[in-house]
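J.: This structure is in structure tokens; I'll ask about it shortly.
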Amino acid sequence: MPPPPPPRRAVSPPPTSTAPTPATPSNPPPASPRQIAALVLNHPSSALTAASTRSLSASLLAAAPALPTPVANAVLKLLWHHAPRALLFFHALLRLPARSHALSPCTLDLALDLAARLRHPRELTRSVLALFPRHGLAFTPRTFPILFERFAVSHRRPDLAVRLFLSLHRSHGVAQGLPLFNSLLDALAKSRHAAKAASLVRALERRFPPDAVTYNTLADGWCRVKDTSRALDVLRQMVESGIAPTKATYNIILKGFFRAGQLQHAWDFFLQMTKRGNQDENCKPDVVSYTTVVHGLGVAGQLDRARKVFDEMSKEGCMPSTATYNALIQVICKKGNVEDAVAVFNDMSTKGYVPNVVTYTVLIRGLCHTGKIDRAMKLLERMKSEGCEPVVQTYNVLIRYSFEEGEIEKAMDLFERMSKGEECLPNQDTYNIIISAMFVRKRVDDMAVAARMVVEMVDRGYLPRRFMFNRVLNGLMLTGNQELSKELLRMQEKYARLRREIRL
Numbered sequence: 019m020p021p022p023p024p025p026r027r028a029v030s031p032p033p034t035s036t037a038p039t040p041a042t043p044s045n046p047p048p049a050s051p052r053q054i055a056a057l058v059l060n061h062p063s064s065a066l067t068a069a070s071t072r073s074l075s076a077s078l079l080a081a082a083p084a085l086p087t088p089v090a091n092a093v094l095k096l097l098w099h100h101a102p103r104a105l106l107f108f109h110a111l112l113r114l115p116a117r118s119h120a121l122s123p124c125t126l127d128l129a130l131d132l133a134a135r136l137r138h139p140r141e142l143t144r145s146v147l148a149l150f151p152r153h154g155l156a157f158t159p160r161t162f163p164i165l166f167e168r169f170a171v172s173h174r175r176p177d178l179a180v181r182l183f184l185s186l187h188r189s190h191g192v193a194q195g196l197p198l199f200n201s202l203l204d205a206l207a208k209s210r211h212a213a214k215a216a217s218l219v220r221a222l223e224r225r226f227p228p229d230a231v232t233y234n235t236l237a238d239g240w241c242r243v244k245d246t247s248r249a250l251d252v253l254r255q256m257v258e259s260g261i262a263p264t265k266a267t268y269n270i271i272l273k274g275f276f277r278a279g280q281l282q283h284a285w286d287f288f289l290q291m292t293k294r295g296n297q298d299e300n301c302k303p304d305v306v307s308y309t310t311v312v313h314g315l316g317v318a319g320q321l322d323r324a325r326k327v328f329d330e331m332s333k334e335g336c337m338p339s340t341a342t343y344n345a346l347i348q349v350i351c352k353k354g355n356v357e358d359a360v361a362v363f364n365d366m367s368t369k370g371y372v373p374n375v376v377t378y379t380v381l382i383r384g385l386c387h388t389g390k391i392d393r394a395m396k397l398l399e400r401m402k403s404e405g406c407e408p409v410v411q412t413y414n415v416l417i418r419y420s421f422e423e424g425e426i427e428k429a430m431d432l433f434e435r436m437s438k439g440e441e442c443l444p445n446q447d448t449y450n451i452i453i454s455a456m457f458v459r460k461r462v463d464d465m466a467v468a469a470r471m472v473v474e475m476v477d478r479g480y481l482p483r484r485f486m487f488n489r490v491l492n493g494l495m496l497t498g499n500q501e502l503s504k505e506l507l508r509m510q511e512k513y514a515r516l517r518r519e520i521r522l
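Under this note's numbering, the first residue of the sequence shown is numbered 19, with each subsequent residue one higher.
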């Protein structure tokens, strides 16, 4: 995304880096991000109070006398799925002496993103935004786009995103340039508010004359709601306004056709791109185009055509990327034989491609889907041995399918490993998977586990869906667990979103 106009304050120059001091018995090696994250997770309280922040700050100073920005940012990312602990760590950073940690704008952006995820986001984000001018730091090109996306997508409040944009100059002294306007449109497009984005462009056209990014964002917004005819209208408007469509424009519309299930239109559009690419380089299919076609044909069940396109792309002078292999492996797992997907995985490694976390996760899902969980677990170990860190989605796949196969202990063991932060922390999907699985047997102990999962997820900054919350509460009442029932009733009283709706 292009950067917005220069902000009102200059960024303080980063501190000069120095070579690390060799570890000696009197000078132990610096604590790693994972060790610091473990210290934060084991801190007695996650409450964001002055006493708790002071206590953690002292512990950090003892464990890591110096916390450079890359280390601090790495810790925040490791704690990402435990937002209260992550924010506690951030506030503890603010208490450290300047010699231990110099606050940077990118760290503030991470804290802002975490704060915007939680309940009452406007109050929390306001306090983080206030830290930029207080510490003499400039807003980054990512600062306000983070908020646009969190308000529009995570909280489903596009009106808040629009209101924030319109008040930027008055509230924060930030010029409302075209790049920031485009980032607002992008947030609206991702939250499936294409019509609102289009009406904003029309209303503010004189103030923010559309550029290629504007038109591409509008086209993407219409494609996300499967209205490809309007996406093509945007393409026509773009040409009529004298702006040449970019390769991204054509790839957006190509993907839109596949997303809308318009297979023949997608194929015809791809052929037109190939034909016109001889005269117009912007129209010539690239690796993104081929990856889109491979995935789109495969999802539609046309694996032979997908394989043919994959095999022919290199002959057309376009070498597949790891993402192309990932797309092929994914569709083979979904629509074909998982052993064929394993063969493609082995082939990519033979040809020098390095599998990434997506490659491993889609293949692990394919193996699990066919009941080969033991092989999936071995692939997880291979993944880690080759230096590829599993993500929460990788573990969620293994946990879900372990439950489906009746391997409850194996699923809960995986969850315990996640909870300790040994690799990655559980997210909202993890808790939803476990809570749903507890209703298969409907035992007393299972209802208690489901309730503990609800309590834990709320403690980590997530609110369960009202339906799921009430289902757990009903299960506790039916099994006579009064203690946990009372705890959930207190929680229901505290959070209005969890209360039952009684309609007369």
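By construction, the Cβ of each residue, glycine as well, lies at the ideal position given by its N, Cα and C atoms.
Ordered along the chain, which non-local residues of its own chain (more than five positions away) have a Cβ less than 6 Å from that of valine 462?
T.: Numbered from its first residue, the sequence shown carries residue 462 at position 444. Only Thr497 meet the Cβ criterion.
J.: Below 7 Å CB to CB, which residues in the same chain sit around methionine 495 once its five sequence neighbours on both sides are set aside?
T.: As a working mapping, residue 495 is identified with position 477 in the sequence shown. The answer, listed in chain order, is Ser503.
J.: From which residue to which residue does the alpha helix (DSSP H) around serine 189 run?
T.: What you label residue 189 is simply residue 171 of the sequence shown in a count that begins at 1. Residues 186 to 190.
J.: Which whole-angstrom value is the C-beta distance of methionine 509 and valine 467, which I expect to be below 8 Å?
T.: Counting from one through the sequence shown, the residue named residue 509 turns up at place 491. Counting from one through the sequence shown, the residue named residue 467 turns up at place 449. No, methionine 509 and valine 467 are not in contact; Cβ-Cβ is about 17 Å, not under 8 Å.
J.: Answer with buried or exposed for aspartate 238, where buried requires no fewer than 16 other C-beta atoms within 10 angstroms of its C-beta.
T.: The count along the sequence shown starts at 1 and reaches residue 238 at position 220. By the 10 Å Cβ count, aspartate 238 comes out buried.
J.: Tell me whether tyrosine 513 sits in a helix, a strand or coil according to DSSP, three-state version.
T.: Here residue 513 refers to the residue found at position 495 of the sequence shown. Reduced to three states, the DSSP call for tyrosine 513 is coil.
J.: State buried or exposed for leucine 289, treating a residue as buried only when at least 16 other CB atoms are found within 10 Å of its CB.
T.: Counting from 1 along the sequence shown, the entry for residue 289 is found at position 271. By the 10 Å Cβ count, leucine 289 comes out exposed.
J.: Let me make sure I understand the geometry here. Which of Asp131, Pro176 and Thr379 has the alpha-carbon closest to that of cysteine 406?
T.: As a first step, residue 406 is located in the sequence shown; it is residue number 388 there, counting from the start. Measuring from the Cα of cysteine 406, the nearest candidate turns out to be Thr379.
J.: Could you have a look at isoleucine 54 and say whether DSSP puts it in helix, strand or coil?
T.: Numbered from its first residue, the sequence shown carries residue 54 at position 36. Three-state DSSP puts isoleucine 54 in a helix.
J.: Would you mind stating whether proline 123 and leucine 155 have Cβ atoms separated by less than 8 Å?
T.: What you label residue 123 is simply residue 105 of the sequence shown in a count that begins at 1. What you label residue 155 is simply residue 137 of the sequence shown in a count that begins at 1. It is a contact, given that the beta carbons lie within the stated cut-off.
J.: Jot down the residue ranges of each uninterrupted alpha helix (DSSP H) in the stretch 380 to 408, minimum 4 residues, whole runs only, in chain order.
T.: With a minimum length of 4 residues, the continuous alpha helix (DSSP H) runs that stay inside the stretch 380 to 408 are 391 to 403.
J.: Report all residues from its chain with a CB closer than 8 Å to the CB of threonine 125; omit the five preceding and five following residues, and keep chain order.
T.: Your numbering for residue 125 matches position 107 in the sequence shown. Result list for threonine 125: Thr87, Ala90, Asn91, Leu94, Phe108 and Leu111, in chain order.
J.: Mind checking proline 23: buried by the 16 CB within 10 Å criterion, or exposed?
T.: Along the sequence shown, read from residue 1 onward, the residue named residue 23 stands at position 5. Confidence at proline 23 is low in this model, with a pLDDT of 40, below 50, so the placement of that residue should be treated as unreliable; the coordinate-derived value is given next. Its Cβ having fewer than 16 others within 10 Å, proline 23 is exposed.
J.: How should alanine 76 be labelled, buried or exposed, when 16 other C-beta atoms within 10 angstroms of its C-beta is the threshold for buried?
T.: Position 58 of the sequence shown, counting from 1, holds the residue named residue 76. Exposed is the call here.
J.: Between Val305, Leu97 and Glu357, which lies nearest to asparagine 269 when the distance is taken from Cα to Cα?
T.: As a position in the sequence shown, residue 269 is number 251, starting the count at 1. Ranking the options by Cα distance to asparagine 269, first place goes to Val305.
J.: Suppose you measure from the CA of serine 454 to the CA of phenylalanine 183; what does that come to, to the nearest Å?
T.: Counting from 1 along the sequence shown, the entry for residue 454 is found at position 436. Counting from 1 along the sequence shown, the entry for residue 183 is found at position 165. Rounded to the nearest angstrom, the two C-alpha atoms are 39 Å apart.
J.: Between the C-alpha atoms of leucine 253 and arginine 72, what's the straight-line distance to the nearest angstrom?
T.: Counting from 1 along the sequence shown, the entry for residue 253 is found at position 235. Counting from 1 along the sequence shown, the entry for residue 72 is found at position 54. Using only the alpha carbons, I get a separation of about 56 Å.
J.: Does DSSP classify leucine 281 as helix, strand or coil?
T.: Looking up residue 281 in the sequence shown gives position 263. If DSSP states are grouped into helix, strand and coil, leucine 281 belongs with the helices.
J.: Rounded to whole angstroms, what's the CA-CA distance from proline 40 to proline 83? Just pull it up for me.
T.: On the sequence shown, residue 40 is found 22 positions in, with the first residue counted as 1. On the sequence shown, residue 83 is found 65 positions in, with the first residue counted as 1. Reliability of the predicted coordinates at proline 40 is poor, the pLDDT of 49 falling under 50, and no value is obtained from them.
J.: From Gly354, Lys214 and Glu425, pick the residue whose C-alpha is nearest to that of arginine 175; which is it?
T.: Sequence index remark: in the sequence shown, residue 175 carries index 157 (1-based). It is Lys214 whose Cα lies nearest to the Cα of arginine 175.
J.: Does DSSP put proline 43 in a helix, in a strand, or in coil?
T.: Mapped onto the sequence shown, residue 43 falls at position 25. For proline 43, the predicted model reports a pLDDT of 46, less than 50, meaning its position is unreliable; a value from the coordinates is still stated below. Here proline 43 sits in coil by DSSP.
J.: Just to confirm the assignment, what range does the alpha helix (DSSP H) spanning asparagine 364 have?
T.: In the sequence shown, the residue the question calls residue 364 occupies position 346. Segment 356 to 368, the alpha helix (DSSP H) holding asparagine 364.
J.: Enumerate in chain order the residues of its own chain whose CB-to-CB distance from methionine 401 is below 7 Å, with the five nearest sequence positions on each side excluded.
T.: Mapped onto the sequence shown, residue 401 falls at position 383. Taken in chain order, the residues that qualify are Tyr378 and Pro408.
J.: Short of 7 Å in beta carbon distance, which residues of its chain neighbour threonine 42, apart from the five on each side in sequence? Order them along the chain.
T.: Within the sequence shown, the letter at position 24 stands for residue 42. Since pLDDT at threonine 42 reaches only 48, below the 50 mark, its modelled position is unreliable, and the value read off the structure follows with that caveat. The answer is none, since no qualifying residue turns up.
J.: CB-CB under 7 Å to arginine 393, same chain, minus the five flanking residues each way: which ones, in chain order?
T.: Here residue 393 refers to the residue found at position 375 of the sequence shown. Same-chain partners within the cutoff: Leu385.
J.: Which class does phenylalanine 157 belong to by DSSP, given the choice of helix, strand or coil?
T.: As a working mapping, residue 157 is identified with position 139 in the sequence shown. If DSSP states are grouped into helix, strand and coil, phenylalanine 157 belongs with coil.
J.: I'd like the list of long-range same chain contacts for threonine 309, defined as Cβ closer than 8 Å, with 5 residues on each side in sequence excluded.
T.: Position 291 of the sequence shown, counting from 1, holds the residue named residue 309. So the qualifying residues of the chain are Pro338, Ser339, Ala341, Thr342 and Ala345.
J.: Please list the terminal residues of the continuous alpha helix (DSSP H) segment that includes methionine 337.
T.: Within the sequence shown, the letter at position 319 stands for residue 337. From DSSP, methionine 337 is part of no alpha helix (DSSP H); its letter is neither H nor E.
J.: State yes or no: is the C-beta of isoleucine 451 within less than 8 Å of the C-beta of arginine 478?
T.: Locating residue 451 in the sequence shown gives position 433, where the first residue counts as 1. Locating residue 478 in the sequence shown gives position 460, where the first residue counts as 1. No, they are not a contact pair.
J.: Just how far apart, CA to CA, sit cysteine 301 and glycine 295?
T.: If you number the sequence shown from 1, residue 301 lands on position 283. If you number the sequence shown from 1, residue 295 lands on position 277. Those two C-alpha atoms are separated by around 5 Å.
J.: Could you say which of Ile54, Tyr413 and Ile426 lies nearest to leucine 78 if we only look at CA atoms?
T.: Residue 78 sits at position 60 when you count from the first residue of the sequence shown. Among Ile54, Tyr413 and Ile426, the Cα nearest to that of leucine 78 is on Ile54.
J.: Return the first residue and the last residue of the alpha helix (DSSP H) that alanine 455 is part of.
T.: Stepping through the sequence shown from its first residue, residue 455 is reached at position 437. Run containing alanine 455: 446 to 455, per the alpha helix (DSSP H) assignment.
J.: How many angstroms separate the CA atom of aspartate 365 from the CA atom of alanine 101?
T.: As a first step, residue 365 must be located in the sequence shown, where it is residue number 347. As a first step, residue 101 must be located in the sequence shown, where it is residue number 83. The straight-line gap from Cα to Cα measures roughly 40 Å.
J.: For isoleucine 350, which of Thr388, Tyr371 and Gly370 has the nearest alpha-carbon?
T.: As a first step, residue 350 is located in the sequence shown; it is residue number 332 there, counting from the start. Nearest option by C-alpha distance: Thr388.
J.: Suppose the cutoff is 6 Å on Cβ atoms and the five residues either side in sequence are ignored; what does the same chain contact list for aspartate 447 look like?
T.: What you label residue 447 is simply residue 429 of the sequence shown in a count that begins at 1. Excluding residues within five positions, the ones whose Cβ falls inside 6 Å are Asn414.
J.: Using a threshold of 8 Å, state whether the C-beta atoms of alanine 49 and alanine 81 are closer than that.
T.: Working through the sequence shown from its first residue, we reach residue 49 at position 31. Working through the sequence shown from its first residue, we reach residue 81 at position 63. Contact flag set, yes.
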